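Working notes, structure below.
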Amino acid sequence: MTDDASGDLPVTGSVVVPAGALSWRFSRSSGPGGQGVNTADSRVELSVAPLELPGLSDPHRARLAARLGDRLVEGVLTIAASEHRQQLRNRQAARERMAAVLRAALAPPAPARRRTKPTRGSQERRIQAKKQRGQLKKQRGSWD
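Counting from 108, one number per residue, gives the positions in the sequence shown under our numbering.
This is the structure in structure tokens:
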């Protein structure tokens, strides 16, 4: 990924968000920053409609819809960045975060866990520990 805050946004090897699909909005950031915080529009909101991106297959669209469903507002995903004082650095942070969110949503699901039986040794150790604990409790109750 380049440090450029404009241009196409590479997500994976096969998925690239074109620059025309990215929508930017700038506003004043809250928090410290002295006099500049009241004048500089350093807060950045980056929006994209991920389900309308060109080059996505139907399974990718379905996966995006399922994983980003609660984050989409009218089909648009918005990422805000205001942690830096400079607008350019906030733009870079928003682009990186957008790419990370889309990359995570497009990732194939993890393979299902193969169920295994406990080994005989682990079962025997468990039973032995239970018996030992029971013996200890049995010894507590009797007074001679």
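Just so you know, even glycine gets a beta-carbon here, dropped at the ideal spot from N, CA and C.
Predicted, not measured: the structure shown is a model, and the values here were computed from it.
>> I'd like to confirm the pairing. Which residues does DSSP put opposite Pro117 in its beta bridges?
In response: Val123
>> I'd like to check one pair, Asp115 with Val124: are the Cβ atoms closer than 8 Å?
In response: yes
>> Quick check for students: name the residue ranges of the alpha helix (DSSP H) that lie wholly in the region 189-245, counting only runs of 4 or more.
In response: 194-213
> Beta carbon of Glu159, beta carbon of Arg132: below 8 Å?
Replying inline: Their beta carbons are not under 8 Å apart, which means Glu159 does not touch Arg132 by this criterion.
> Since Arg150 is in the beta strand (DSSP E), which residue starts that stretch and which ends it?
Replying inline: 150-155
>> So, with DSSP's three-state summary, where would you put Ala147?
In response: coil
> Between Thr273 and the rest of its own chain, which residues show a CB-CB distance below 6 Å, the 5 nearest in sequence each way excluded?
Replying inline: Because the chain is modelled from 108 through 251, residue 273 falls outside the range shown and cannot be assessed.
>> Starting from Arg168, trace the beta strand (DSSP E) in both directions and tell me its first and last residue.
In response: Premise fails: Arg168 lies in the alpha helix (DSSP H), 165-175, not in any beta strand (DSSP E).
> Roughly how many angstroms lie between the CA atoms of Ala66 and Gly248, to the nearest whole one?
Replying inline: Because the chain here runs from 108 to 251, residue 66 falls outside it and cannot be looked at.
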